[in-house]
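*Asks:* The structure under discussion is supplied below as structure tokens; questions concerning it will follow.
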Amino acid sequence: MFSLHEPTSGRTKKNKPNLPPGVFGIRALPYVSKLAKDPIGFFQLMQSKFGNSARFGLRQVVFHLITQPEDIKRVLQENNQNYHKGVFYKELGRILGKGLLNSEGEFWKKQRKLIQPSFHKQRISEFVEIMAQETEKTSENWKKISSLDISKEMMRLTFAIVGRTLFRTEVESYAARIEHSLKIALELVTKRITRIFPFPFSWPTPENLKLKRALKDMHSVVDELIAERKKNPSNDLISMLLEVRDEETGETMSESQVRDEAITLLLAGHETTANALSWGFYLLSKHSDICEKVREEANRVLGDKTPSLEDVQKLTYTRKVLDEVLRLYPPAWVIERTAMGPDQIGGYDVETGTNISICIFNIHRNPDFWENPDKFDPDRFDEERSADRPKYAYLPFGGGPRICIGNIFALTEATLILAMLVKNYKFQTVSDHPVVMEPLVTLRPKYGILLNIVST
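Position 335 of the sequence shown, counted from 1, bears residue number 327 in the working numbering, the numbering being contiguous throughout.
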């Protein structure tokens, strides 16, 4: 995992650039197990040991950990063209292929321009009714039970919503398959990322074979959706992707590229939102006073009518609760970028090929930017308390040109779901069930989150 030799660039020690402190060589070995077992703890350790900028070596690559908003702004916004997706996104590409999250350059610009209309305000306004319908179904189903795993429930609900809003398809029959295969794929890809020497993917090891089976099953689900849309075109994203033609060549998008974009949107619109909601209900179950404020607002704003986008926008306190959930448990907890050319960040030289690491989880809990950072306090997002906070101290959806394309969709969906379900139910944690963070590609609850529920 860590390089055993100091990376060199043909320079002598005397004329090496000004680099932040870090660990390499034999001194790095004690850190290896820390990164594999507790990656968030590893980043915390690096910051406490070396300050706001730190270097470490991993698989013969130099990593530069940055923690300051002005440095993050440099990478994600001001000089973003110099920073492409980091080396670990190649492993993530086994799941996402060349979808929007992984693509670069002109190809990325073309794909984003193509997909962007699906997330315009007018389309999201149309989606709110579907979000409300699926949430109401979940609420009705809960009347028959007294306890549940909220993470499984949110995975099922968000998958149903993404299926109907983006693919205009009832996908309940696919939900279990996609959840199972995606979970396996995320776990095994994360293992490959954090191992010292991962076996080549072409080798028939048990884990490689298991990952390939999961990917094959996930692909088959999306291929079935694509095949259905080829037979029966609709006003949905898959139909649009199948029909669109390149302005210069006139060629249509290949089915494999359509699949990559669909899987990317499934991961972004299903996995991440479900995790955020799971952590949200967990926090509300431990803070009854805040939960009661959400319930009061939901009753006042939503009443018994079918919610509209305008209603969701009036759920201002619920939105602050969601913002605070995303601060404490950001689904996308780390960002990686690779320097395509030399640069300078925070007074330190960055050489071509350096991988920039941005641990969002730790930045969101940095006491330099957040008072009582571990406290669940939605009011910290009041306008007056947020006025002096640096923009890049809070980035649950990333930042710069590559900010998540579906951020408004996700915020609308999660705000509405929180309000509607809190309006109808009270939540209480199951005391003997462990709640443990699992920082895979997304920040999951490792053993799920069991909650007792009571109808209001």
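A virtual CB, placed ideally from N, CA and C, is assigned to each residue, including glycine.
Determine the direct distance from the alpha carbon of Leu217 to that of Ala152, and round the result to whole angstroms.
*Replies:* Their Cα atoms are separated by approximately 14 Å.
*Asks:* With respect to the alpha helix (DSSP H) encompassing Tyr274, which residues constitute its N-terminal and C-terminal limits?
*Replies:* Thr264 to Lys278
*Asks:* Return helix, strand or coil for Glu328, following the three-state DSSP convention.
*Replies:* strand
*Asks:* Could you give the first and the last residue of the continuous alpha helix (DSSP H) run that contains Asn416?
*Replies:* Asn399 to Asn416
*Asks:* Kindly indicate which three-state DSSP category Tyr386 falls into: helix, strand or coil?
*Replies:* coil
*Asks:* Within its chain, find whatever has a CB closer than 8 Å to the CB of Asp228; leave out the 5 residues flanking it on each side and keep chain order.
*Replies:* Leu158, Phe159, Arg160, Thr161 and Arg221
*Asks:* Please state the DSSP three-state secondary structure of Ser300.
*Replies:* coil
*Asks:* Just the C-alpha distance for Ile409 and Ile441, rounded to the nearest angstrom, thanks.
*Replies:* 17 Å
*Asks:* Given this structure, state the Cα-to-Cα distance separating Arg372 from Arg86, to the nearest angstrom.
*Replies:* 39 Å
*Asks:* Name the two residues that bound the continuous alpha helix (DSSP H) containing Gln36.
*Replies:* Pro31 to Phe42
*Asks:* How close, in whole Å, do the beta carbons of Leu276 and Val293 come, if the pair is a contact with beta carbons under 8 Å?
*Replies:* The Cβ separation is near 17 Å, so there is no contact.
*Asks:* Please confirm if the stretch 278 to 285 is in contact with the stretch 246 to 261, defined as three or more CB-CB distances below 8 Å between the two stretches.
*Replies:* no
*Asks:* Under a three-way DSSP split, which group does Lys202 fall into?
*Replies:* helix
*Asks:* Tell me whether Ala46 sits in a helix, a strand or coil according to DSSP, three-state version.
*Replies:* strand
*Asks:* How should Gln60 be labelled, buried or exposed, when 16 other C-beta atoms within 10 angstroms of its C-beta is the threshold for buried?
*Replies:* buried
*Asks:* DSSP on Pro322, reduced to helix/strand/coil?
*Replies:* Correct three-state label for Pro322: coil.
*Asks:* Over what stretch of residues does the alpha helix (DSSP H) that includes Ile142 continue unbroken?
*Replies:* Ile142 to Phe159
*Asks:* Quick one: Cα of Leu318 to Cα of Gln108, how far?
*Replies:* 23 Å
*Asks:* Give the DSSP bridge partners of Leu217, in chain order.
*Replies:* Answer is none; Leu217 lacks a bridge partner.
*Asks:* Do the stretch 135 to 146 and the stretch 266 to 274 meet, that is, are 3 or more Cβ pairs less than 8 Å apart?
*Replies:* Yes, the stretch 135 to 146 is in contact with the stretch 266 to 274.
*Asks:* Put His56 into one of helix, strand or coil per three-state DSSP.
*Replies:* strand
*Asks:* Please tell me whether Thr330 and Asn358 are closer than 7 Å, where the distance is taken between their beta carbons.
*Replies:* no
*Asks:* Can you grab the Cα-Cα spacing for the pair Met210 / Leu93, in whole Å?
*Replies:* 17 Å
*Asks:* Anyone know if the C-beta pair for Ala177 and Leu149 falls short of 7 Å?
*Replies:* Contact flag unset, no.
*Asks:* Following the continuous beta strand (DSSP E) through Lys82, name the residue where it begins and the one where it ends.
*Replies:* No beta strand (DSSP E) holds Lys82; the alpha helix (DSSP H) holding it covers Tyr81 to Leu88.
*Asks:* Going by Cα to Cα distance, which pick from Ile352, Phe42, Lys29 and Lys26 is closest to Ile11?
*Replies:* Per the sequence shown, the amino acid found at residue 11 is Leu instead of Ile. Closest option to Leu11, Cα to Cα, is Phe42.
*Asks:* Which of helix, strand or coil does DSSP assign to Thr244?
*Replies:* strand
*Asks:* Give me whichever residues DSSP pairs with Val120 in a beta bridge.
*Replies:* DSSP output for Val120 lists no bridge partner at all.
*Asks:* Distance check for Phe99 and Ile137, CA to CA, integer angstroms please.
*Replies:* 48 Å
*Asks:* For Pro382, which residues in the same chain have their Cβ closer than 6 Å to its Cβ, ignoring the five residues on either side in sequence?
*Replies:* Pro61
*Asks:* Is Arg287 closer than 7 Å to Lys415 when the C-beta atoms are compared?
*Replies:* In this structure, Lys415 places its C-beta atom within 7 Å of the C-beta atom of Arg287.
*Asks:* Candidates Gly339, Leu432 and Ser378: which alpha carbon is nearest Ala324's?
*Replies:* Leu432
*Asks:* Let's see if you can read the secondary structure: which residues bound the beta strand (DSSP E) around Asp335?
*Replies:* Asp335 to Ile337
*Asks:* Given a cut-off of 7 Å on the beta-carbon distance, is the pair Glu405 and Met123 in contact?
*Replies:* yes
*Asks:* Between Glu171 and the rest of its own chain, which residues show a CB-CB distance below 6 Å, the 5 nearest in sequence each way excluded?
*Replies:* Met147
*Asks:* Let's see if you can read the secondary structure: which residues bound the beta strand (DSSP E) around Ser349?
*Replies:* Asn347 to Cys351
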